[in-house]
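Numbering (our numbering), first residue to last: 1 to 277.
Ideal Cβ positions, reconstructed from N, Cα and C, are used throughout, including at glycine.
Here the structure comes first, spelled out in structure tokens, and everything after it is commentary.
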């Protein structure tokens with residue numbers, strides 16, 4: 001039987017996994033299996049800072065024991081930080097995370113541009129993103145890890161939203177690396193938060209899409225997710241476009257709403273039942 005290509009980034013359990021430590025990774029993997037997932041998406045924060053490589057080896061073995069693939073390692077690079085030392089540190093952290101993706105057996109590492117920090121000219125921010133991406137791509141190419149650049153809105157731990165949350169800015173950065181191995185992590189609902197159409201972006205980047213975040217929103221300027229299929233995202237049209245382009249990659253569910261585990265189960269079931277890729 002073919003393994004499900006539905007994965008999940010457990011936004012619902014971030015605090016339990018990272019802050020309070022009231023949920024272990026094994027707890028999450030057991031729950032992922034009960035939810036019918038074929039893979040799990042890891043956030044860099046799940047690995048901690050004490051000995052992330054040892055933790056990655058342990059998690060890779062644990063996932064294998066549960067029959068789960070690590071679909072992607074997700075980071076939140078902040079290449080736009082006003083302080084040069086911090087931007088340099090972000091590149092180092094990104095390269096370390098690319099190594100961690102390799103240890104985990106994850107084929108992709110989620111890349112972000114960085115926050116739209118206050119007090120810095122926007123043109124300068126774009127220059128810094130280009131520098132950070134170029135260095136990270138060079139390193140990823142050496143290890144054979146694909147960098148999947150997300151049309152991001154805001155990371156869980158960020159103060160400000162992403163510089164490239166609008167389609168025009170996202171495409172501008174993507175165009176800087178035309179012909180490179182930079183690819184797209186397409187999020188189905190982030191553009192809705194800023195009043196734009198996700199389908200319009202998907203049509204432009206379709207050949208570059210290697211990973212999909214399936215999320216839904218109930219309206220503009222609403223950060224919290226709705227259950228996929230209950231909000232404004234036209235999943236039938238998105239899935240049709242992906243299938244037309246013979247997309248066979250992961251669909252990773254994102255849900256951080258108030259409905260708890262049962263809502264997450266509903267979200268996963270909706271994706272599994274409606275995506276036939």
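Please classify residue 2: is it buried, with 16 or more other beta-carbons within 10 angstroms of its beta-carbon, or exposed?
Only weak support exists for where residue 2 lies, its pLDDT of 49 falling under 50; the value from the coordinates is given anyway. Classification for residue 2: exposed.
How big is the Cα-Cα spacing for residue 94 and residue 136?
7 angstroms
By Cβ distance below 8 angstroms, which residues in the same chain neighbour residue 145 in space, the five residues on each side in sequence not counted?
98, 101, 102, 106, 107, 108, 109
Would DSSP call residue 136 helix, strand or coil?
helix
Given that a residue counts as buried once 16 or more other Cβ atoms are within 10 Å of its Cβ, and exposed if not, what is residue 271?
buried
Starting from residue 42 and walking both ways along the beta strand (DSSP E), at which residues does that stretch end?
39–43
Between the C-alpha atoms of residue 7 and residue 83, what's the straight-line distance to the nearest angstrom?
36 angstroms
If you draw a straight line from the alpha carbon of residue 267 to that of residue 72, how long is it in whole angstroms?
Computed Cα separation, rounded: 19 angstroms.
Evaluate contact between the stretch 113–121 and the stretch 48–66, counting only Cβ atoms and requiring at least three cross-stretch pairs below 8 angstroms.
no
Straight-line CA distance for residue 120 to residue 33?
The straight-line gap separating the alpha-carbon atoms of residue 120 and residue 33 is approximately 45 angstroms.
Does the beta-carbon of residue 223 have 16 or more other beta-carbons within 10 angstroms, so that it is buried, or is it exposed?
exposed
Can you tell which of 228, 162, 149, 155 has its C-alpha closest to the C-alpha of residue 122?
162
Kindly give me the distance between the Cβ atoms of residue 213 and residue 194, rounded to whole angstroms, as I take these residues to be in contact under 8 angstroms.
With 8 angstroms as the limit, residue 213 and residue 194 do not qualify as a contact, their Cβ atoms being about 16 angstroms apart.
Is residue 7 helix, strand or coil by DSSP?
DSSP places residue 7 in strand when its eight states are reduced to three.
Closer than 7 angstroms by C-beta to residue 36: which residues in its own chain qualify, once you throw out the five before and the five after it? Chain order, please.
4, 268, 272
Compute the beta-carbon to beta-carbon distance between residue 151 and residue 191, rounded to the nearest angstrom, for a pair I have assumed lies under 8 angstroms.
6 angstroms
So what's residue 185 in DSSP terms, helix, strand or just coil?
strand
Which of helix, strand or coil does DSSP assign to residue 176?
helix
Taking Cβ to Cβ, would you say residue 46 is nearer than 8 angstroms to residue 11?
no
By Cβ distance below 8 angstroms, which residues in the same chain neighbour residue 201 in space, the five residues on each side in sequence not counted?
151, 167, 170, 171, 186, 191
Can you say whether residue 261 is buried or exposed, counting buried as having 16 or more other CB atoms within 10 angstroms of its CB?
exposed
Taking the beta strand (DSSP E) that residue 31 falls in, what are its first and last residues?
Looking at the DSSP string, residue 31 is not in any beta strand (DSSP E); the run it does join, the alpha helix (DSSP H), is 25–34.
What is the DSSP secondary structure of residue 60, counted as helix, strand or coil?
helix
Just checking my contact of residue 156 with residue 14 at CB under 8 angstroms: how many whole Å lie between their CB atoms?
6 angstroms
How many angstroms separate the CA atom of residue 23 from the CA atom of residue 179?
Pairing residue 23 with residue 179, the inter-Cα distance amounts to about 42 angstroms.
State the beta-bridge partners of residue 146 as determined by DSSP.
In DSSP, residue 146 forms a bridge with 108.
Where do the ends of the beta strand (DSSP E) carrying residue 254 lie?
Going by DSSP, residue 254 is part of the beta strand (DSSP E) stretching over 251–254.
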